[in-house]
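A.B. asks:
Numbering (UniProt numbering), first residue to last: 1 to 155.
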């Protein structure tokens, strides 16, 4: 008897489908998510994953290029890979299932995190110091009196 492979969670399959359609210009994220409501009822999760995917799209593409994931893993659906990367790095920070695509992405987790931290370090180094925000904590001097705008209404 042949052992069947573990299926990818429906949430990720539907999110990958929506992301692909948004990427192809078929519709907006919100419209497509609500159209897929029959396939998966958790529209908030799908919307969150897909919108995060497009917010972090350049970073994800850079990670895929540096890790050469799609070159090494030719059978992996690229949109499903992007959805799983979003969930692993910016979503739940773990992948709950044991499907082959999830295990593949999990195997690349340390590589993704290393490349992600490298790109953040380079981004910080290239900032112009003139425009950097400086956060200072306000500490009042000890000899100043507290500002009281309350009047005493005792009669």
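From the three backbone atoms N, C-alpha and C, an ideal C-beta is built for every residue, glycine too.
Note that the structure is a prediction, hence the values are computed from the model and not measured.
1) Comparing C-alpha positions only, which one of 56, 67, 79 sits nearest to residue 21?
2) Helix or strand or just coil, what does DSSP make of residue 68?
3) To the nearest angstrom, how far is the alpha carbon of residue 15 from that of residue 105?
4) Are there three or more Cβ pairs, one per stretch, closer than 8 Å when the segment 108-120 is compared with the segment 55-66?
5) Can you round the beta-carbon distance between residue 108 and residue 69 to whole angstroms, since I take them to be within the 8 Å contact cut?
6) Select from 47, 9, 85 the residue whose C-alpha is nearest the C-alpha of residue 18.
7) Check residue 31 in the structure and name its three-state DSSP category.
8) From residue 44 to residue 58, what does the alpha carbon distance come to, in whole angstroms?
9) Drop a sphere of 10 angstroms on the beta-carbon of residue 6, count the other beta-carbons inside from all chains shown, and report buried for 16 or more, exposed for fewer.
10) Would the C-beta of residue 47 count as close to the ligand COA, meaning under 7 Å from any of its heavy atoms?
11) Relative to the C-alpha of residue 11, which candidate in 26, 49, 31 has its C-alpha closest?
12) Exposed or buried, what is residue 72 when buried is set at 16 or more other beta-carbons lying within 10 Å of its beta-carbon?
C.D. replies: This is what the structure holds:
1) The count along the chain shown starts at 1 and reaches residue 21 at position 21. When only C-alpha atoms are compared, the closest one is 79.
2) Counted from its first residue, the chain shown places residue 68 at position 68. The answer is coil: DSSP assigns residue 68 none of H, G, I, E or B.
3) To locate residue 15, count along the chain shown from 1; it is residue 15. To locate residue 105, count along the chain shown from 1; it is residue 105. Rounded to the nearest angstrom, the two C-alpha atoms are 16 Å apart.
4) yes
5) Translated into the one-based positions of the chain shown, residue 108 becomes position 108. Translated into the one-based positions of the chain shown, residue 69 becomes position 69. Contact holds; Cβ gap of about 6 Å.
6) In the chain shown, counting from the first residue as 1, residue 18 sits at position 18. Closest by alpha carbon: 47.
7) Counted from its first residue, the chain shown places residue 31 at position 31. Here residue 31 sits in helix by DSSP.
8) What you label residue 44 is simply residue 44 of the chain shown in a count that begins at 1. What you label residue 58 is simply residue 58 of the chain shown in a count that begins at 1. Each residue's alpha carbon lies about 23 Å from the other.
9) Locating residue 6 in the chain shown gives position 6, counting from the first residue. Exposed is the call here.
10) Of the ligands one can find in the structure shown there are none, so the ligand COA has no counterpart to examine.
11) As a working note, residue 11 is residue 11 in the chain shown. The option with the nearest alpha carbon to residue 11 is 49.
12) As a first step, residue 72 is located in the chain shown; it is residue number 72 there, counting from the start. Exposed.
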